[in-house]
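Quick note on our numbering: the sequence shown kicks off at 405 and runs consecutively. Note that CB positions come from ideal geometry on N, CA and C, so glycine has one too. Model, not experiment: these values are computed from the prediction. Notes for the one structure printed next.
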Amino acid sequence: MRTARHSKQQRGAASVEAAISMLIIIPAFMYALFLDDLLRYAADLQEAVVSTPWDFAGQNYTQPNSRGLKGGASATKPTGGNLEVQHQARLMYCDHESSGDSYKGDSSYVNDCDGEDHHQGKALSGHVCWLNDSDGDGDGNPDAHQVTCEPVQRNVGLLGSDMYSDYHNQFGRAGGMYECHGQEVVENYLLPKSFLQEFAGDEKMSKENWSNDGSSIHENAKKGDKDTAYYLAEQRFALVADSWAVNETPANGGEGESAIDMAVAPGTKSGPLYERVSLVYTGNASYTLFQTATTTFLTAASKKLLNPIILTSRPDNPATPNVSLTKVGTSPPKQNIEQDNGSHDYYSTPWKDWSNNPYEKTYGKRGKYYMGCKTAQKDKC
405 MRTARHSKQQ RGAASVEAAI SMLIIIPAFM YALFLDDLLR YAADLQEAVV STPWDFAGQN
465 YTQPNSRGLK GGASATKPTG GNLEVQHQAR LMYCDHESSG DSYKGDSSYV NDCDGEDHHQ
525 GKALSGHVCW LNDSDGDGDG NPDAHQVTCE PVQRNVGLLG SDMYSDYHNQ FGRAGGMYEC
585 HGQEVVENYL LPKSFLQEFA GDEKMSKENW SNDGSSIHEN AKKGDKDTAY YLAEQRFALV
645 ADSWAVNETP ANGGEGESAI DMAVAPGTKS GPLYERVSLV YTGNASYTLF QTATTTFLTA
705 ASKKLLNPII LTSRPDNPAT PNVSLTKVGT SPPKQNIEQD NGSHDYYSTP WKDWSNNPYE
765 KTYGKRGKYY MGCKTAQKDK C
């Protein structure tokens with residue numbers, strides 16, 4: 405009898421312990437599910453905000469109204485948030501993560517953004533949304549907003565150098581720091597607002613549970629505020645876009661662009677790359693002295709020639725820079741030189757001829773000593 409009574413007491417105690425444990429286990433389990441959604445949403449928000457400024461780094465700033473720079477860009481007054489980069493980022497991340505895009509055509513955003521299938525069945529306990537006009541902190545701006553890019557900050561990195569300013573004004577007018585930010589609201593569709601109030605009293609387990617609201621998920625998101633919904637921390641990311649660099653466009657000119665040939669043949673004195681080199685070359689503080697010395701040398705040298713005009717007519721005048729750059733995906737730049745018995749191709753630089761590279765190899769063998777001489781500035785090595 406004692407054994408049977410003792411066994412019933414143990415079972416009864418275990419039932420009471422299990423019932424009491426449920427008061428802790430059930431809320432903890434539900435909270436864990438909700439926090440898992442919050443963590444994933446925070447990662448998605450960070451992906452959208454961080455990836456958007458990087459899109460400014462790959463734009464072709466020599467054509468300020470092409471590709472991602474459409475929609476308000478100009479050579480002198482870039483607008484940041486009005487550009488195509490922001491527009492495309494909002495379409496990509498309107499359903500909160502890039503993996504949800506359908507990419508079915510130009511009108512695919514209608515389903516991706518206006519539809520609610522990216523909410524239903526894809527979030528277990530919380531639903532995230534960009535759409536919210538509430539201003540709970542009183543700063544005059546909505547507490548949740550899509551990816552937004554500020555006007556470019558063109559004063560970032562200014563050095564105060566005259567040549568730098570000239571270069572900046574001519575080639576860097578759309579460059580600077582692009583900053584983008586975004587924030588999302590998350591509404592609870594799982595956690596009960598109250599749980600076992602006979603034990604908890606007036607304490608609330610969570611904010612509003614929207615599962616019983618008959619409105620659509622997007623409409624609920626618009627109605628949420630600080631008392632009824634959760635707001636993820638605003639994410640910000642900035643990137644300095646060097647618009648001085650020249651990006652070679654696709655050979656076919658893609659997306660309505662006209663292709664820019666970055667190749668510079670020997671003797672060529674024009675083109676986007678040559679113009680950048682020329683500004684730095686001629687803008688140097690010592691250029692005037694160098695130009696005077698060059699003129700003096702050429703004048704003296706011309707007196708030794710049978711035809712003095714040949715020096716002034718040659719394209720490799722040292723007073724102007726000489727630039728040579730091969731076209732991407734083609735063989736190295738060559739010059740065809742007429743000789744006694746026909747002509748022959750020569751590489752534009754002997755340093756690296758893409759075959760034997762004799763000058764480069766010779767330099768490598770010298771090490772740190774000029775012509776193998778281990779004692780600098782001495783007649784005898």
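Which residue comes first and which comes last in the alpha helix (DSSP H) that contains residue i?
i    : result
Y571 : 566 to 575
V684 : 676 to 687
A704 : 691 to 706
In or out: residue i buried (at least 16 other Cβ within 10 Å) or exposed?
i    : result
D543 : exposed
P468 : buried
N536 : buried
A697 : exposed
A704 : exposed
I429 : exposed
I621 : buried
F438 : buried
Express the C-alpha separation of residue j and residue i in angstroms, rounding to a whole number.
i    : j    : result
G561 : G746 : 54 Å
A667 : S674 : 11 Å
L442 : T552 : 21 Å
M493 : N740 : Reading off the sequence, residue 493 comes out as Ala, not Met. When rounded, the distance between both Cα atoms is 49 Å.
N464 : F575 : 12 Å
R789 : G462 : Any question about residue 789 goes unanswered here, given that the chain covers just 405 to 785.
N760 : P722 : 28 Å
E591 : F460 : 33 Å
L595 : E612 : 9 Å
V453 : A642 : 9 Å
T807 : N559 : This structure cannot speak to residue 807, because the chain is shown only from 405 to 785.
Y571 : G485 : 25 Å
S610 : D631 : 10 Å
Q490 : T686 : 38 Å
K627 : S538 : 8 Å
So what's residue i in DSSP terms, helix, strand or just coil?
i    : result
R640 : strand
G796 : The question about residue 796 has no answer, for the chain in this structure spans 405 to 785.
E451 : helix
Q492 : helix
S610 : coil
T552 : strand
S502 : helix
S520 : For clarity, residue 520 is Glu in the given sequence; the question names Ser instead. The answer is coil: DSSP assigns E520 none of H, G, I, E or B.
S647 : coil
N616 : helix
Q729 : It should be pointed out that residue 729 corresponds to Leu in this sequence rather than to Gln. DSSP places L729 in strand when its eight states are reduced to three.
P596 : coil
A723 : coil
D539 : coil
L487 : coil
G657 : In this prediction, G657 scores a pLDDT of 46, lower than 50, which makes its location untrustworthy; the coordinate-derived value is nonetheless stated afterwards. Of the three classes helix, strand and coil, the one that applies to G657 here is coil, per DSSP.
L710 : coil
L563 : coil
K673 : coil
Y435 : helix
T766 : helix
Between which two residues does the beta strand (DSSP E) holding residue i run?
i    : result
V590 : 589 to 592
Q622 : Correcting the residue identity first, residue 622 is His in this sequence and not Gln. From DSSP, H622 is part of no beta strand (DSSP E) but of the alpha helix (DSSP H) over 621 to 627.
V532 : 530 to 533
Could you check whether the Cβ of residue i sits closer than 9 Å to any Cβ belonging to chain B?
i    : result
E554 : No chain B is present in this structure, which holds just one protein chain.
At a cut-off of 8 Å, is residue i close to the ligand ATP when judged by its beta-carbon and the heavy atoms of the ligand?
i    : result
H748 : The model depicted lacks the ligand ATP and carries no ligand whatsoever.
Determine which residues share a DSSP beta bridge with residue i and list them.
i    : result
C584 : C553, F641
E742 : S747
Y634 : V590
V668 : L729
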